[in-house]
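J.: The structure's right below; bear with me while I get my questions together.
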DNA sequence: TGATAGCAAACTGTTGACAGTTGACCAACG
DNA sequence: CGTTGGTCAACTGTCAACAGTTTGCTATCA
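Chains as they are written, first to last, in full-length UniProt numbering: chain R, 1 to 227; chain Z, 1 to 227.
Quick look at the structure:
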């Protein structure tokens with residue numbers, strides 16, 4: 001194990017990109033909010049050139065750019081959100097299928113531990129909320145990671161998870177959904193333990209479909225979607 | 001119907017982006033080839049600033065950038081290609097499901113006409129090749145379009161179709177695959193005509209899976225994948 | 001002959017200046 | 001009072017210059 005690894009090269013544009021992703025997904029800006037290049041560049045201590053490059057890389061994902069008018073944080077309609085969940089269903093269903101074929105015993109144990117931790121959360125026990133705070137404790141991300149498909153993982157991050165995060169910030173929960181979601185996770189894990197690709201995919205897709213229905217119902221009423 | 005529509009705003013970076021996509025996907029550059037900013041900017045008649053922005057938007061899709069070393073057209077391994085097909089299977093399967101629910105009679109007729117045109121091609125009749133030259137005569141794209149999911153359509157274009165196009169340029173065909181592909185298309189259409197979402201998804205996914213197997217088998221031997 | 005050092009050209013990444021556009025505000029007019 | 005026109009500051013998009021890095025070539029040395 002050599003300590004001589006390539007010196008990681010980076011650029012101001014790359015660093016700005018990461019910080020913008022974090023700022024946008026952590027709620028520093030409202031959906032639809034206009035972003036000022038001059039302001040952001042000043043705050044990041046760089047010139048506008050690399051800042052523009054970083055914003056360009058976020059186009060279509062976390063920001064929309066209208067030529068000559070500027071850049072806004074994305075916001076989307078109920079219809080957009082439905083289609084986001086359909087993409088998620090397709091990709092996570094495939095990831096679950098792949099994971100069921102290759103997952104290790106150790107990864108299965110970790111998933112089981114994770115669900116037990118989740119079950120011990122007061123909010124979940126009270127049926128109020130089922131929230132996963134970071135990738136490290138996200139059941140879905142663990143399964144996508146276990147699929148060993150970097151492409152699916154990257155797509156879900158870039159095109160689905162970051163966007164969902166923007167909309168999770170003001171949360172409400174629908175009655176009964178929290179516990180149901182946990183049980184659906186448990187059913188996915190059971191299929192994984194059986195190493196049953198079809199079952200895993202079916203269980204995962206059912207879970208995401210239910211999340212979609214919950215999210216769109218929440219939009220019809222009040223608040224924002226959760227899982 | 002007013003003739004007064006918003007004047008479409010654009011920018012040099014946007015125009016460069018489109019031209020780069022076209023140049024890269026039409027084979028003007030080899031996979032892995034290094035792209036020179038100065039050269040491209042000169043050819044496009046713009047300064048390096050907007051050119052860099054355009055390249056930045058292509059990162060992770062059609063080009064890879066290594067800081068301080070430059071930008072190269074993507075190339076990928078057999079494993080990458082397999083995962084690309086898995087993503088395609090998931091997304092096109094979902095698109096076929098959605099399309100089966102909402103497709104119009106007129107769209108069905110167009111699909112039927114398209115397959116008949118395809119059947120009349122000499123290369124297909126001889127079992128040599130089944131090639132679709134543009135989006136207009138692409139059966140898959142027509143179905144994705146009929147799904148009315150802009151998000152899936154955009155994802156497939158940005159993350160799948162452009163990348164496949166890079167690899168179609170030097171083609172070979174596997175015996176029997178051309179005719180089988182056409183029959184698989186016909187089966188997809190039949191499920192569409194039945195307006196059967198499950199059937200459409202199953203038929204589409206089977207077709208893409210077979211294309212994946214054909215592509216990876218081709219990589220094991222000689223040449224490049226086709227459908 | 002292979003390894004090392006030096007040099008210059010070409011390249012990438014960034015900056016700041018400039019031009020054109022936009023939006024906000026105010027005054028004038030009907 | 002609503003509309004129009006003018007002005008100005010702020011903004012976006014682009015350009016060219018500069019600094020630092022990389023690459024290729026040549027000369028020197030062991």
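Cβ coordinates follow ideal geometry from the N, Cα and C atoms, glycine included. None of these values were measured; they are calculated from a predicted model.
(1) Would a check of beta-carbon distances place residue 153 of chain R closer than 7 Å to chain Z?
(2) Which runs of the alpha helix (DSSP H) fall wholly inside the region 65–153 of chain Z and span at least 4 residues, in chain order?
(3) Looking at chain R, which residues of the region 57–90 of chain Z have a Cβ within less than 8 Å of any of its Cβ atoms?
(4) Do you know whose CA, among R:192, R:214, R:215, lies nearest residue 204 of chain R's CA?
(5) Between which two residues does the alpha helix (DSSP H) holding residue 17 of chain R run?
(6) Apart from the five residues just before and just after residue 229 of chain R, which ones in its own chain have a Cβ nearer than 6 Å to its Cβ?
(7) My assumption, with CB atoms under 8 Å, is that residue 92 of chain Z sits in contact with residue 208 of chain Z. Please give the rounded CB distance.
(8) Using only alpha-carbon positions, find the residue among Z:217, Z:196, Z:220, Z:33 that is nearest to residue 95 of chain Z.
(9) Does the structure place the region 97–117 of chain Z close enough to the region 61–74 of chain Z that three or more beta carbon pairs sit under 8 Å?
(10) Using the rule of at least 16 other Cβ atoms within 10 Å of the residue's Cβ for burial, across every protein chain shown, is residue 36 of chain Z buried or exposed?
(11) Please go through the same chain and pick out, in chain order, the residues whose beta-carbon is closer than 6 Å to the beta-carbon of residue 231 of chain R, but skip the five residues on each side of it.
(12) Compute the Euclidean distance between the alpha carbons of residue 41 of chain Z and residue 31 of chain Z, then round it to the nearest angstrom.
(13) Given residue 57 of chain R, which residues of its chain have a CB within under 6 Å of its CB, disregarding the five upstream and five downstream residues?
(14) Indicate the three-state DSSP secondary structure (helix, strand or coil) for residue 229 of chain Z in the structure shown.
(15) On the criterion of 16 or more Cβ atoms from any shown chain inside 10 Å, does residue 90 of chain R qualify as buried, or is it exposed?
(16) Going straight from the alpha carbon of residue 216 of chain Z to that of residue 121 of chain R, what length do you get?
(17) Using a Cβ-Cβ distance cut-off of 7 Å, determine whether residue 53 of chain R contacts chain Z.
(18) In chain Z, what lies closer than 8 Å to residue 120 of chain R by C-beta?
(19) Cβ of residue 129 of chain R within 7 Å of Cβ of residue 180 of chain R?
(20) Can you look up residue 62 of chain Z in the DSSP assignment and give me helix, strand or coil?
(21) Mind reading off the beta-carbon distance from residue 84 of chain Z to residue 154 of chain R? Whole number of angstroms is fine, and I expect it under 8 Å.
(22) Check each residue of the region 11–40 of chain R: if its Cβ is closer than 8 Å to any Cβ of chain Z, include it; give the result in chain order.
T.: Quick answer:
(1) Position 153 of the first chain, counted from the start, is the residue given in the question as residue 153 of chain R. For residue 153 of chain R, the answer is no, since every Cβ of chain Z falls outside 7 Å of its Cβ.
(2) If we require 4 residues or more, the alpha helix (DSSP H) runs fully inside the region 65–153 of chain Z come out as 78–102, 105–119, 122–125, 139–146.
(3) Correct list: 57, 59, 60, 66, 67, 68, 69, 80, 83, 84, 86, 87, 89, 90.
(4) Locating residue 204 of chain R in the first chain gives position 204, where the first residue counts as 1. Among R:192, R:214, R:215, the Cα nearest to that of residue 204 of chain R is on R:192.
(5) Counting from one through the first chain, the residue named residue 17 of chain R turns up at place 17. Counting along the chain, the alpha helix (DSSP H) containing residue 17 of chain R begins and ends at 12–25.
(6) Lying outside 1 to 227, the shown extent of chain R, residue 229 of chain R is not represented and no answer is given.
(7) For the purposes of this step, residue 92 of chain Z is taken as residue 92 along the second chain, with counting starting at 1. For the purposes of this step, residue 208 of chain Z is taken as residue 208 along the second chain, with counting starting at 1. Contact between residue 92 of chain Z and residue 208 of chain Z holds: their C-beta atoms lie close to 6 Å from each other, under 8 Å.
(8) For the purposes of this step, residue 95 of chain Z is taken as residue 95 along the second chain, with counting starting at 1. Looking at the Cα atoms, Z:196 is the closest of the given residues.
(9) Segments in contact, no.
(10) Working through the second chain from its first residue, we reach residue 36 of chain Z at position 36. In summary, residue 36 of chain Z is exposed, with fewer than 16 beta-carbon neighbours lying within 10 Å of its beta-carbon over all protein chains present.
(11) Past the boundaries of the shown model lies residue 231 of chain R; chain R is included only from 1 to 227, so the question cannot be answered.
(12) Walking along the second chain from the start, residue 41 of chain Z turns up at place 41. Walking along the second chain from the start, residue 31 of chain Z turns up at place 31. One alpha carbon belongs to residue 41 of chain Z, the other to residue 31 of chain Z, and they sit about 20 Å apart.
(13) Position 57 of the first chain, counting from 1, holds the residue named residue 57 of chain R. Counting only Cβ-Cβ distances below 6 Å, and skipping sequence neighbours, we find 17.
(14) Because chain Z is modelled from 1 through 227, residue 229 of chain Z falls outside the range shown and cannot be assessed.
(15) The residue given as residue 90 of chain R occupies position 90 in the first chain. Under the 10 Å beta carbon count, residue 90 of chain R is surrounded by 16 or more other beta carbons and is classified as buried.
(16) Your numbering for residue 216 of chain Z matches position 216 in the second chain. Your numbering for residue 121 of chain R matches position 121 in the first chain. Going by the C-alpha atoms only, they are around 46 Å apart.
(17) Residue mapping note: residue 53 of chain R aligns to position 53 of the first chain, counting from 1. The C-beta of residue 53 of chain R comes closer than 7 Å to at least one C-beta of chain Z.
(18) Counting from 1 along the first chain, the entry for residue 120 of chain R is found at position 120. What residue 120 of chain R touches in chain Z: nothing, since even the nearest Cβ is about 33 Å away.
(19) The count along the first chain starts at 1 and reaches residue 129 of chain R at position 129. The count along the first chain starts at 1 and reaches residue 180 of chain R at position 180. No; because the gap between Cβ atoms is not below 7 Å, this pair is not in contact.
(20) By one-based count along the second chain, residue 62 of chain Z stands at place 62. Here residue 62 of chain Z carries a coil assignment [DSSP, helix/strand/coil].
(21) Numbered from 1 along the second chain, position 84 holds the residue referred to as residue 84 of chain Z. Numbered from 1 along the first chain, position 154 holds the residue referred to as residue 154 of chain R. The pair is not a contact, with the Cβ atoms about 12 Å apart (cut-off 8 Å).
(22) Answer in chain order: 11, 13, 14.
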